[in-house]
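In what follows, a structure is listed as structure tokens, so that the remarks can point back to it.
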Amino acid sequence: HWETEMMRETERDIQREGRIASAVSEKWNAQWGRLGIRAPFDVYFLRDKRLKAVAEVRFRRANIMDYRTVWIDVHKYLTLLQIEVYLKLPALYIVAFNDGIYYARPSSLPAKDFEIKYTGRQRAGEWDEEDMHPALRVPRRFFSFICDGPIAASEEAR
Numbered sequence: 654h655w656e657t658e659m660m661r662e663t664e665r666d667i668q669r670e671g672r673i674a675s676a677v678s679e680k681w682n683a684q685w686g687r688l689g690i691r692a693p694f695d696v697y698f699l700r701d702k703r704l705k706a707v708a709e710v711r712f713r714r715a716n717i718m719d720y721r722t723v724w725i726d727v728h729k730y731l732t733l734l735q736i737e738v739y740l741k742l743p744a745l746y747i748v749a750f751n752d753g754i755y756y757a758r759p760s761s762l763p764a765k766d767f768e769i770k771y772t773g774r775q776r777a778g779e780w781d782e783e784d785m786h787p788a789l790r791v792p793r794r795f796f797s798f799i800c801d802g803p804i805a806a807s808e809e810a811r
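Following this line, the structure appears as structure tokens:
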């Protein structure tokens, strides 16, 4: 799954993740960085040269209230959960919506209560068979607001 995802990550994706991470790090008075394409997460956050958190970053072209739930890839969920358990480091699933940036901590999610479905991305109304995976359906109430988002819907339409 990671190999396929790495091949799909574009320069635009990396730039968008950077804008999202910059907004979050400014709000949290931290610095951010990337370990590279093979890292099990997208970004990390530092304060006073100390690692404070790692995060998977996603973007949705909608407002958070447009969704009742957010799908989290089971593989990403488990990876972030392992980081929290074994490294005692906050691991976050960050989603930037048009109206703000939100996060959930996998260690705080009652995953056993969530639906798990084999799902993925649609392109031109068709399921992309190379981008299908098991995912948890997480109610939006488990996501907390961080800050306003740096990405306008009009920018993403380009």
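Numbering (my numbering), first residue to last: 654 to 811. Note that CB positions come from ideal geometry on N, CA and C, so glycine has one too. Since this is a predicted model, take the numbers as computed values, not measurements.
CB contact flag (residue i, residue j, <8 angstroms)
i      : j      : result
Arg844 : Pro792 : Outside the displayed range of the chain (654 to 811) lies residue 844, so it cannot be described from this structure.
Ser797 : Tyr746 : no
Phe694 : Ser678 : no
Val723 : Ile673 : no
Arg687 : Val696 : yes
Gly671 : Ala749 : no
Nonlocal neighbours in the same chain, by C-beta distance under 6 angstroms from residue i, ignoring five residues either side
i      : result
Cys800 : Ala676, Lys680, Ile754
Pro759 : Tyr730, Leu733, Leu734
Ile743 : Inspection of the sequence shows that residue 743 is occupied by Pro rather than by Ile. Same-chain partners within the cutoff: Ala706.
Glu768 : Arg790
Reduced DSSP secondary structure (H/G/I, E/B, other) of residue i
i      : result
Ala788 : strand
Arg774 : strand
Glu664 : helix
Arg691 : coil
Lys741 : coil
Phe767 : coil
Asp726 : strand
Phe796 : coil
Lys702 : coil
Ala676 : helix
Arg669 : helix
Own chain, CB closer than 7 angstroms to residue i, minus 5 neighbours either side, in chain order
i      : result
Asp726 : His786, Ala788
Ala683 : Phe698, Leu699, Arg700, Lys705
Cβ-Cβ separation, residue j to residue i (assumed contact under 8 angstroms), whole Å
i      : j      : result
Ala623 : Asn751 : For the chain, the structure presents residues 654 to 811; residue 623 sits outside this window and is missing.
Same chain, Cβ closer than 8 angstroms to residue i, five either side skipped, listed in chain order
i      : result
Ser761 : Phe795
Arg665 : none
The ligand MN heavy atom lying under 7 angstroms from the CB of residue i
i      : result
Ala674 : For the structure depicted, the ligand MN is absent and the ligand set is empty, with no information on it obtainable.
Review point. Taking three-plus beta-carbon pairs below 8 angstroms as touching, is the segment 737-750 in contact with the segment 767-776?
Key: Cβ pair count under 8 angstroms is below three, so no.
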